[in-house]
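Worksheet for the structure shown next.
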Amino acid sequence: GYKGVYEYSGRFVAQDRRGGRNAYLGTFGTAVEAATAYARAVGAYQPPTAATAGYLAALVEEAEGLRLHLSSSSSTGYKGVYEHSGRFVAKHSLDGRTVGLGTFDTAVEAAV
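Residue numbering for the sequence shown follows our numbering, starting at 1231 and increasing by one per position.
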């Protein structure tokens, strides 16, 4: 498991301990998303690097049954995912045109 993450009713809750109390950070669809939220909250988040990309891809694939397209040239670590104003935008090229897929809170959510 991940520090600060636990499963509840089929979803994953992220929380941090602050001032002697639990601070709720959110409920997420995957453990990876919850772990990312926790890491951001405690200042430990680091986008995937080429060295960790393979491990992260296998982890996310195992967690969700999906294969994500990692990119060493993207600052988010994922192909088609870009950071904009503190959020993450997913775009895809289809028949020579760029199609916006949405804006998300985390790079993992945008990549999925």
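Where is the CB? At the ideal position from N, CA and C, for every residue including glycine. Values in this document were obtained by computation on a predicted structure and should not be read as measured data.
| request: Note down, in chain order, each residue of its chain lying with its Cβ closer than 6 Å to the Cβ of A1267, except the 5 sequence neighbours on either side. | output: Counting from 1 along the sequence shown, the entry for residue 1267 is found at position 37. Correct list, in chain order: A1244, L1255 and G1256.
Discussion item. How far does the beta strand (DSSP E) with T1257 in it extend, from its first residue to its last?
Written reply: Here the question's residue 1257 lines up with position 27 in the sequence shown. Looking at the DSSP string, the run of the beta strand (DSSP E) that includes T1257 is R1251 to F1258.
Quick check on the DSSP output: the beta strand (DSSP E) that includes V1329 runs from which residue to which?
Here residue 1329 is taken as the residue at index 99 of the sequence shown, counted from 1. Per DSSP, V1329 belongs to the beta strand (DSSP E) from R1327 to F1334.
Compare the beta carbon distance of V1311 and A1265 with 7 Å and say whether it is the shorter of the two. Translated into positions along the sequence shown, residue 1311 becomes position 81. Translated into positions along the sequence shown, residue 1265 becomes position 35. Against a cut-off of 7 Å, the Cβ pair of A1265 and V1311 comes out as no contact.
- Where the alpha helix (DSSP H) through Y1308 begins and ends: Looking up residue 1308 in the sequence shown gives position 78. Careful: Y1308 lies outside any alpha helix (DSSP H) and carries neither H nor E.
inquiry  = Going by the DSSP bridge assignment, what does R1270 pair with across the sheet?
reply    = Mapped onto the sequence shown, residue 1270 falls at position 40. R1270 is not bridged to any residue.
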